[in-house]
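Scroll down for the structure; my scribbles are underneath it.
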Amino acid sequence: MAIWYNEFGVDDLNRRGKNTLSELLGIQFTEIGEDYLTATMPVDERTRQPIGILHGGANVVLAETVASTAANAVIDIKHFYCVGLEINANHLRSVKEGLVTAVASPVHLGRTTQVWQIDIYNEQGKKTCVSRMTAAVIAR
Numbered sequence: 001m002a003i004w005y006n007e008f009g010v011d012d013l014n015r016r017g018k019n020t021l022s023e024l025l026g027i028q029f030t031e032i033g034e035d036y037l038t039a040t041m042p043v044d045e046r047t048r049q050p051i052g053i054l055h056g057g058a059n060v061v062l063a064e065t066v067a068s069t070a071a072n073a074v075i076d077i078k079h080f081y082c083v084g085l086e087i088n089a090n091h092l093r094s095v096k097e098g099l100v101t102a103v104a105s106p107v108h109l110g111r112t113t114q115v116w117q118i119d120i121y122n123e124q125g126k127k128t129c130v131s132r133m134t135a136a137v138i139a140r
């Protein structure tokens, strides 16, 4: 059974990212699973650090983008909204080019907090970063 509160598609999520940091970095939502959300980000001049590899901060932006979006998709947004409280990331391997793909899945979906696991992969399917984000669920 799907965890999502409302029905939505990847086009809806990508439209929400217009004129935001997500659009600037080329982040695109690509898949909505029963209990996970997936987005990609290009490794290019926008997301590389000066030595030519994916900037760790760009990984964190991707992770928080997909997890925050997922967090808000499992609640009634008429009455609540979610914001990130804490995020961490372990960068496991460098990426020089191509796309990275983030997959966010819930660890805990509570009344006042949520915890999301975000795994980021390169185009060869190798895990390049693991991240975890805690979100606060706030009443409007």
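Residue numbers for the sequence shown, in the UniProt record's numbering: 1 to 140.
Built from N, CA and C at the ideal position, the CB exists for glycine as well.
Taking all protein chains shown into account, decide if L24 is buried (16 or more other Cβ within 10 angstroms of its Cβ) or exposed.
exposed
Inspect the CB distances between the stretch 57-75 and the stretch 127-134 and report whether three or more fall short of 8 Å.
yes
Does the beta-carbon of A2 have 16 or more other beta-carbons within 10 angstroms, so that it is buried, or is it exposed?
exposed
Considering only their Cβ atoms, is the gap separating P106 from D35 smaller than 8 Å?
yes
State the Cα-Cα distance for the pair R48 and G110, rounded to the nearest angstrom.
36 Å
Note down the Cα distance separating V43 from N122, rounded to an integer number of angstroms.
Straight-line Cα distance between these residues: approximately 10 Å.
Is the separation between the beta-carbon of S94 and that of I120 shorter than 8 Å?
In this structure, S94 sits away from I120, with a CB-CB distance that is not shorter than 8 Å.
Do C82 and V137 have their CB atoms nearer than 8 Å?
Yes, they are a contact pair.
Bridge partners - Q124, DSSP secondary structure assignment:
For Q124, which the question treats as bridged, DSSP gives no partner whatsoever.
Starting from N6, trace the beta strand (DSSP E) in both directions and tell me its first and last residue.
No beta strand (DSSP E) contains N6, which DSSP labels as neither H nor E.
Does the Cβ of Y112 have 16 or more other Cβ atoms within 10 Å, making it buried, or fewer, making it exposed?
Note that residue 112 corresponds to Thr in the displayed sequence, not to Tyr. Exposed, since its Cβ has fewer than 16 Cβ neighbours within 10 Å.
Compute the distance between the beta-carbons of F8 and A71, then report whether it is under 8 Å.
no
Which of helix, strand or coil DSSP assigns to G56:
helix
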